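Working notes for the structure below.
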Amino acid sequence: MSLWKSAGAALAGLVLATVAVAATPEFVARGNEPGWILRKNDTGLTFQQMGESEVTIAPLPHSRRVRGSRIYWAKVDGEPFRLTISPWRCVDTMSGMTYPSTVAVRLGKAKLAGCGGDPAKVLQGAWAVTAINGKPVAAGTRPTIEFGADGLVSGNASCNRYFANFNLTGEGLAIDKPGASRMMCEAPAMDQEAALLKVLAATSRFEIGKKGELVLHSGASDTITARRK
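Using our numbering, read the sequence shown as starting at 165 and increasing by one per residue.
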């Protein structure tokens with residue numbers, strides 16, 4: 165085998181090894197009344213209820229899937245511990261933030277409920293805008309919104325392409341003032357585009373409706389409604 169082929173094979177092996185040991189992102193869940201927080205990674209988990217000492221369980225307990233949910237069992241100082249992570253959207257009762265997972269924790273006799281996962285995963289992907297401020301989009305236009313894993317939101321504003329950074333906080337969603345191309349279109353499309361970009365720049369939170377629709381809300385009560393493409 166030539167030197168170049170040997171080097172290439174070694175590099176490929178290094179890349180595969182790197183991928184194989186890549187850590188799973190930390191899973192964080194929390195709940196209210198009483199407040200609690202749980203952190204889970206590949207090596208174990210920690211759990212703390214407000215006013216109580218932190219509990220550490222390591223290594224990560226064995227789990228199994230039951231009716232779509234992932235359930236972990238363990239013993240903590242002789243008391244049963246159970247963590248259930250279900251793939252159902254969950255709305256935080258205090259902040260109103262939407263999370264991708266519903267979480268239940270049982271420690272001894274305590275039964276706690278909350279939300280978990282990265283809220284960005286609820287947004288990520290492409291959405292087709294269906295209404296702006298309650299008004300259906302103009303005929304012949306196809307405005308879109310796409311949230312990327314890189315923190316960038318982009319799409320078709322009705323005439324031009326736009327892009328902006330977005331940021332999720334514990335209480336809401338913020339989108340920077342979008343940049344856009346400068347093509348001119350007929351008035352209905354341009355007026356609709358201006359309205360869409362205005363709402364995007366003023367967005368303060370989002371929600372997922374009963375039919376899975378995305379609704380972006382601004383502080384001025386303006387809205388954008390969209391459905392998954």
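For glycine and all other residues, C-beta sits at the position ideal for the given N, C-alpha and C. All of these numbers come straight from a predicted model, not from anything done at the bench.
task = For L332, name the three-state secondary structure that DSSP assigns.
result = strand
inquiry  = Using the three-state DSSP reduction, which class does V219 fall into: helix, strand or coil?
reply    = strand
Cut-off 6 Å between Cβ atoms - residues of its own chain near L332, not counting five sequence neighbours on either side = P283, A284
message = Would S318 and E310 be called neighbours here (beta carbons separated by less than 8 Å)?
response = yes
Status (buried if at least 16 other CB within 10 Å, exposed otherwise) for E357 = buried
6 Å CB neighbourhood of R246 in its chain, flanking five on each side removed = W237, R270
request  = Using the Cα positions of D386 and V240, report the straight-line distance between them to the nearest angstrom.
outcome  = Computed Cα separation, rounded: 49 Å.
task = To the nearest angstrom, report how far apart L380 and K204 are at their CA atoms.
result = C-alpha separation (whole angstroms): 30 Å.
query = Going by the CB atoms, is the gap between V267 and I249 shorter than 8 Å?
reply = yes
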